[in-house]
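1 is the number of the first residue of the sequence shown in the UniProt record's numbering; add one for each residue after it. Below is one structure, written out as structure tokens; comments come after it.
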Amino acid sequence: MTAYSGKNSKWLQLPLRPLLVPFITLFSLLVCYTCMNQISLESKTVTRSILPVGTNRLIENVCSTSAIPPEEMGYIHFPEPQTYNRGECACTPVRYFVILSMQRSGSGWFETLLNSHPNISSNGEIFSIPQRRGNLSIIFNTLDTVYNLDWFSSAAKNECTAAYGLKWMLNQGVSRYQKEILSYFKAKGVSVIFLFRRNLLRRLISVLANDYDRQAKQLNGTHKAHVHSKEEAEILAKFKPKLRTSSLIPNLQFMERTIAESLHNFSSIRHMVLYYEDIINNHKELKKVQEFLKVPVRELASRHVKIHTRPLPQQVENWGEVQETLNGTEYAQFLNYNDYHS
1 MTAYSGKNSK WLQLPLRPLL VPFITLFSLL VCYTCMNQIS LESKTVTRSI LPVGTNRLIE
61 NVCSTSAIPP EEMGYIHFPE PQTYNRGECA CTPVRYFVIL SMQRSGSGWF ETLLNSHPNI
121 SSNGEIFSIP QRRGNLSIIF NTLDTVYNLD WFSSAAKNEC TAAYGLKWML NQGVSRYQKE
181 ILSYFKAKGV SVIFLFRRNL LRRLISVLAN DYDRQAKQLN GTHKAHVHSK EEAEILAKFK
241 PKLRTSSLIP NLQFMERTIA ESLHNFSSIR HMVLYYEDII NNHKELKKVQ EFLKVPVREL
301 ASRHVKIHTR PLPQQVENWG EVQETLNGTE YAQFLNYNDY HS
């Protein structure tokens with residue numbers, strides 16, 4: 001008889017049997033756990049409680065994000081507005097954006113172009129009202145309301161919007177609280193669209209003309225920053241401001257510095273830079289914006305009519321003095337009145 005007889009084999013198997021059962025059980029659980037983790041990595045989902053229209057019963061709706069690249073996950077959101085139900089669009093991902101600009105840089109016209117898209121809602125110059133930017137707490141509460149899709153404006157598409165934001169001028173609290181606002185944008189996943197003018201002299205002329213009309217109210221006693229007819233545009237264009245040449249270069253330097261600081265301070269978050277002149281000269285710029293916002297590319301339209309279409313010498317009362325002041329300086333390029341098509 002060998003050392004490994006049948007009798008001895010049976011004796012050895014008896015104590016091993018109770019050990020094998022828990023071992024196999026633990027191994028099976030480990031395999032299941034690994035498989036579940038792999039599945040969750042391959043197909044991330046967002047679970048939300050949704051109240052269907054016309055019912056009082058809560059159901060679980062799982063919004064799949066498997067088609068969204070991992071690097072974009074921080075920029076998509078599934079808001080749950082408190083004031084209405086997104087219904088069948090509850091799983092339409094929303095991307096937040098903000099247009100950072102300066103007055104009379106074409107931002108009003110640009111925003112109407114965006115709002116002609118069925119999936120974009122840009123809710124206007126919300127912080128033009130001083131009470132909404134009194135301190136950081138008020139600013140953040142206002143932004144929370146906007147980005148939760150609870151801000152109501154004529155631009156809001158509500159249910160099926162895919163890109164949601166606002167227009168914010170740099171002098172409306174942005175420059176004052178740049179670090180805090182930057183942190184908010186990063187935490188909230190807000191993308192920034194910068195919109196400026198290349199020709200800052202044109203911007204200055206537009207600012208002065210708009211300030212004049214705010215006092216004079218040339219259109220039947222009403223001030224209009226933007227017009228929708230050529231007749232109204234011609235009336236407003238008749239005013240020719242007189243530029244103070246002693247402060248002209250310092251004003252242009254201040255505008256340049258404000259733009260440069262803004263671009264620098266917000267450069268660490270997802271952003272794109274646009275110029276008014278480029279959009280006018282090349283409509284492909286609007287395609288880039290839609291691609292940036294991850295919405296279907298469409299033809300965009302606006303009812304705004306441009307006010308200042310005449311050559312620059314015909315827009316300024318003391319053009320000769322302005323020309324003499326800027327010639328030979330780095331700002332002489334602004335004297336070119338053919339820098340874009342009207």
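Cβ coordinates follow ideal geometry from the N, Cα and C atoms, glycine included.
Query: For Ser66 and Lys44, the rounded distance between their alpha carbons; Result: With a pLDDT of 44 at Lys44, under the threshold of 50, the modelled position of this residue cannot be trusted, and the question is left open.
Query: Lys288 versus Asn119: straight-line alpha-carbon distance, rounded; Result: 16 Å
Query: Residues sharing a beta bridge with Thr222, DSSP; Result: Leu219
Query: Coil, strand or helix - Tyr331 by DSSP; Result: coil
Query: Val192 vs Ile269 beta-carbon contact at 8 Å; Result: yes
Query: Opposing strand residues paired with Arg95 [DSSP bridges]; Result: Ala163
Query: Option nearest Met169 by Cα separation, candidates Tyr212, Asp213, Thr142, Arg104; Result: Arg104
Query: Burial state of Arg202 (16 or more Cβ within 10 Å); Result: buried
Query: Under the three-state DSSP convention, the category Ser191 falls into; Result: strand
Query: Cβ-based neighbour list, Gly108, same chain, cut-off 6 Å, excluding 5 preceding and 5 following; Result: His226
Query: Cut-off 7 Å between Cβ atoms - residues of its own chain near Ile181, not counting five sequence neighbours on either side; Result: Val174
Query: Residue environment, Thr83, which counts as buried when at least 16 other CB atoms sit within 10 Å; Result: exposed
Query: Nearest residue (CA-CA) to Ala216, options Gln314, Ile235, Arg176; Result: Ile235
Query: Beta-carbon gap between Val94 and Pro79 smaller than 8 Å; Result: yes
Query: Straight-line Cα distance separating Leu335 from Gln323; Result: 7 Å
Query: Extent of the continuous alpha helix (DSSP H) to which His264 belongs; Result: 248-265
Query: Ser122 and Leu114 closer than 8 Å at C-beta; Result: yes
Query: According to DSSP, residues forming a beta bridge with His77; Result: Val94
Query: CB contact flag (His117, Leu300, <8 Å); Result: yes
Query: Sequence-distant residues of the same chain with beta carbon closer than 7 Å to Val190, five excluded per side; Result: Tyr96, Phe97, Val98
Query: Extent of the continuous beta strand (DSSP E) run through Val273; Result: 271-275
Query: Buried/exposed call for Met73, threshold 16 Cβ in 10 Å; Result: exposed
Query: Check whether Glu317 and Pro241 have beta carbons under 8 Å apart; Result: yes
Query: Assigned exposure category for Lys167 - 16 Cβ within 10 Å defines buried; Result: buried
Query: Through-space distance from Gly221 to Asn141, alpha-carbon basis; Result: 36 Å
Query: Cβ shell of His308 (< 8 Å), same chain only, five flanking positions each side left out; Result: Arg202, Ile205, Ser206, Ala209, Ala237, Gln315
Query: Range covered by the beta strand (DSSP E) that runs through Ile120; Result: 120-122
Query: Phe152, DSSP secondary structure in three states; Result: coil
Query: From Trp151, Phe110, Arg303, residue whose alpha carbon lies closest to that of Ser229; Result: Arg303
Query: Alpha-carbon to alpha-carbon, Trp151 and Phe110; Result: 20 Å
Query: Beta-carbon gap between Gln172 and Arg133 smaller than 8 Å; Result: yes
Query: Cβ-Cβ distance between residue 353 and Val295 below 8 Å; Result: Limits of the chain in this structure are 1 at one end and 342 at the other, which puts residue 353 out of reach.
Query: Bounding residues of the alpha helix (DSSP H) (the contiguous stretch that carries Glu88); Result: Glu88 -> no alpha helix (DSSP H), and no H or E assigned at all.
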